[in-house]
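Numbering (this note's numbering), first residue to last: 117 to 389.
Glycine residues also receive a C-beta, built at the ideal position from the N, C-alpha and C atoms.
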């Protein structure tokens, strides 16, 4: 009976919406049973390893002008995260630029951002387009989509009862704990290797567009950006499309939502002129 109560507690405590309701109306309940400190720890470790590898290959922050530009854009977006979750304002945000032909960018849990020069050279040519990409990636972090995928992987690995026992810190279940650790490792792999769900992508599109609009960037730039991504995939598939599906329906949805929140852009752009 105690185990059943524990399972019920884990399920109830793990189902929540990680962000506040805003103009984008993203309120889906999420299963995020992996403790936040674990997700943040793994994300930070992965980010530091990526930075170290880039540094060793002489690829980290080589273009100081573009580094400063993406940091300016990123911090304007970060200034608006308070509308979605208060605690994100105190995250240890970090923005870096990696020299690479890959058309890619990401934001890990806790606000660790990496932008690849290939994205800037081949797709995101304007500040509005750069803001569209970075805003989308920040939205994934705000919604804790990485933690959500890790939680799902962990449950698939050990089952909900196994996870409940794992977090109960029972010394009699060392084998289950080992399995749970393996599940977390799988979750980390999923964060990097597998795509977000379509629902997660829709949420990141909506929140990312609103974030850009609140920061004074034209959200309609996302339409031109993803059209260029679609054109590029015919000759040079952008790495970002392996985790960010692009199609005509999605572009239409982006355009509709951009028009819906255009008033936020009109209200805020004067602050930066």
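query, result
"Determine the DSSP secondary structure at residue 199, reduced to helix, strand or coil.", "helix"
"For residue 343 and residue 367, what's the separation of their Cα atoms in angstroms?", "8 Å"
"Output the distance between the C-alpha atoms of residue 197 and residue 205, rounded to the nearest integer angstrom.", "7 Å"
"Using DSSP with H/G/I as helix, E/B as strand and the rest coil, what is residue 303?", "Residue placement at residue 303 is poorly supported in this model, since its pLDDT is 47, which falls under 50; the coordinates still yield a value, given next. In this structure, residue 303 counts as helix in the three-state DSSP scheme."
"Tell me the DSSP secondary structure of residue 146 in three-state form.", "strand"
"Run through DSSP, which three-state label would residue 327 get?", "helix"
"Could you compute how far the alpha carbon of residue 266 sits from the alpha carbon of residue 222?", "17 Å"
"Cutting at 7 Å between CB atoms, please list the residues of its own chain near residue 287, excluding the five before and the five after it.", "Low confidence applies here, because residue 287 scores a pLDDT of 45, under 50, leaving its location unreliable and the question unanswered by this model."
"Give me, in chain order, the residues of the same chain whose beta-carbon lies closer than 6 Å to that of residue 376; leave out the 5 immediate sequence neighbours on both sides.", "none"
"Where does residue 178 sit, in a helix, a strand or coil, going by DSSP?", "coil"
"With hydrogens ignored, establish whether the beta-carbon of residue 137 is closer than 6 Å to any heavy atom of the ligand PLP.", "Ligands in the displayed structure: none, and consequently the ligand PLP is not present."
"If you draw a straight line from the alpha carbon of residue 380 to that of residue 177, how long is it in whole angstroms?", "33 Å"
"Looking only at its chain, what residues have a beta carbon closer than 6 Å to the beta carbon of residue 252, apart from the 5 residues adjacent to it on each side?", "320 and 324"
"Going by C-alpha to C-alpha distance, which of 333, 315 and 340 sits closest to residue 384?", "333"
"Counting pairs of beta carbons, one from the segment 182-192 and one from the segment 229-239, are three or more of them closer than 8 Å?", "yes"
"Quick check: what's the CA-CA separation for residue 276 versus residue 150?", "Bear in mind that a pLDDT of 49 at residue 276, under 50, signals an unreliable position, so the number given afterwards is only what the model happens to contain. Cα-Cα distance, rounded: 11 Å."
"In three-state DSSP terms, what is residue 221?", "strand"
"Since residue 329 and residue 192 are thought to touch, with beta carbons under 8 Å apart, how far apart are those beta carbons, to the nearest angstrom?", "At roughly 12 Å, the Cβ-Cβ gap does not stay under 8 Å, so residue 329 and residue 192 are not in contact."
"Ordered along the chain, which non-local residues of its own chain (more than five positions away) have a Cβ less than 7 Å from that of residue 225?", "155, 156, 159, 257, 260, 262 and 263"
"Let me make sure I understand the geometry here. Which of 314, 148 and 133 has the alpha-carbon closest to that of residue 268?", "148"
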